[in-house]
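Convert by adding 206 to the 1-based position in the sequence shown; the result is the number in the working numbering.
First comes the structure, then the notes that go with it.
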Amino acid sequence: MTPNDLLLTPVGLRFQGRLHPCTIGRGGISMAKREGDGATPAGCHRIVAMLYRPDRMAPPADWAVPIRPNDLWSDDPDHEAYNQMVRAPYPHGHEVLRRADPLYDLVIVTDWNWPHAVRGRGSCIFLHRWRRPGYPTAGCVALDPCHLRRIAARLRPGARLIVPPRQSVSRSSAFTQPAPTC
Numbered sequence: 207m208t209p210n211d212l213l214l215t216p217v218g219l220r221f222q223g224r225l226h227p228c229t230i231g232r233g234g235i236s237m238a239k240r241e242g243d244g245a246t247p248a249g250c251h252r253i254v255a256m257l258y259r260p261d262r263m264a265p266p267a268d269w270a271v272p273i274r275p276n277d278l279w280s281d282d283p284d285h286e287a288y289n290q291m292v293r294a295p296y297p298h299g300h301e302v303l304r305r306a307d308p309l310y311d312l313v314i315v316t317d318w319n320w321p322h323a324v325r326g327r328g329s330c331i332f333l334h335r336w337r338r339p340g341y342p343t344a345g346c347v348a349l350d351p352c353h354l355r356r357i358a359a360r361l362r363p364g365a366r367l368i369v370p371p372r373q374s375v376s377r378s379s380a381f382t383q384p385a386p387t388c
């Protein structure tokens, strides 16, 4: 582990010596991630991209890529573009990246089941802002928007999100302890 890695702990996400409260998937941490299970996969996941809404914020890092209108993420395990960024129109299952709400204004993309996706193993695991403290995700790791921006400004491609397997952790609310303000 390096100081530039992100480590999920029982009390938050540790990055560069600071602890940030976060939430994880409603299915807890899983060693056997499957599409739709709501779990956050255990493992060591490389950071491969950063996406942001240019109409809502300045680039958070020099390597961040703008989210354009019609950008989507395929979550259809029966389509060849499964777990890839695609463009609308796209008639298969997908997530809209340019959402009306601010949930995906800033997205850090991991290499979970990417670039060569195994069908049904689960689509991408993102780091994004949380809906509110303690509210679980569909499998991603979510943070306070202020903390997410702080991390994004310091993060480099190739850093890793390390999610240790935990049998005793089953809900995202276990990851909502206070952290320093940014």
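Built from N, CA and C at the ideal position, the CB exists for glycine as well.
Would you tell me roughly how many angstroms separate the C-alpha atoms of Ala-248 and Arg-372, rounded to the nearest one? Position 42 of the sequence shown, counted from the start, is the residue given in the question as residue 248. Position 166 of the sequence shown, counted from the start, is the residue given in the question as residue 372. Their Cα atoms are separated by approximately 8 Å.
Considering just the uninterrupted stretch of the beta strand (DSSP E) at Ile-230, what are its terminal residues? Position 24 of the sequence shown, counting from 1, holds the residue named residue 230. First-last for Ile-230: undefined, no H or E at that position.
Residue span of the alpha helix (DSSP H) that contains Arg-354, given as start and end: In the sequence shown, residue 354 corresponds to position 148, counting from 1. Looking at the sequence itself, residue 354 is Leu, so the reference to Arg does not match. Note, Leu-354: alpha helix (DSSP H), 351–360.
Would you kindly work out how many angstroms separate the C-alpha atoms of Ala-358 and Gly-223, rounded to a whole number? Taking the sequence shown and counting its residues from 1, one reaches residue 358 at position 152. Taking the sequence shown and counting its residues from 1, one reaches residue 223 at position 17. Distance between the alpha carbons of Ala-358 and Gly-223: 15 Å.
Just the Cα atoms here: how many angstroms apart are Cys-250 and Asp-211? Here the question's residue 250 lines up with position 44 in the sequence shown. Here the question's residue 211 lines up with position 5 in the sequence shown. Cα to Cα, Cys-250 sits roughly 10 Å from Asp-211.
Taking the beta carbon of Val-324 as the centre, do at least 16 other beta carbons fall within 10 Å, making it buried, or is it exposed? As a first step, residue 324 is located in the sequence shown; it is residue number 118 there, counting from the start. Flag for Val-324 reads exposed.
Limits of the unbroken beta strand (DSSP E) element including Thr-215: Counted from its first residue, the sequence shown places residue 215 at position 9. 212–215 is the span of the beta strand (DSSP E), which, as asked, contains Thr-215.
Could you spell out where the beta strand (DSSP E) holding Ser-280 opens and where it closes? Within the sequence shown, numbered from 1, the residue matching residue 280 stands at position 74. It spans 277–280 - the beta strand (DSSP E) in which Ser-280 sits, taken as one unbroken run.
Can you name the start and end residues of the beta strand (DSSP E) that Glu-301 belongs to? For the purposes of this step, residue 301 is taken as residue 95 along the sequence shown, with counting starting at 1. 300–302 is the extent of the beta strand (DSSP E) around Glu-301.
Can you give me the C-alpha to C-alpha distance between Ala-306 and Ala-348, rounded to a whole angstrom? As a working mapping, residue 306 is identified with position 100 in the sequence shown. As a working mapping, residue 348 is identified with position 142 in the sequence shown. Going by the C-alpha atoms only, they are around 18 Å apart.
Write down every uninterrupted run of the beta strand (DSSP E) in the segment 265–344 whose length is 3 residues or greater and which is fully enclosed by it, in chain order. Listed in chain order, they are 277–280, 291–293, 300–302, 312–316 and 332–335.
Between Arg-252 and His-300, what straight-line distance do the alpha-carbon atoms span, to the nearest angstrom? Numbered from its first residue, the sequence shown carries residue 252 at position 46. Numbered from its first residue, the sequence shown carries residue 300 at position 94. Cα to Cα, Arg-252 sits roughly 22 Å from His-300.
For Thr-316, which residues of its own chain have a beta-carbon under 8 Å away from its beta-carbon, when the five flanking residues on both sides are left out? Taking the first residue of the sequence shown as position 1, residue 316 is located at position 110. Same-chain partners within the cutoff: His-251, Arg-252, Ile-253, Val-254, Cys-330, Ile-331, Phe-332, Leu-333 and Leu-367.
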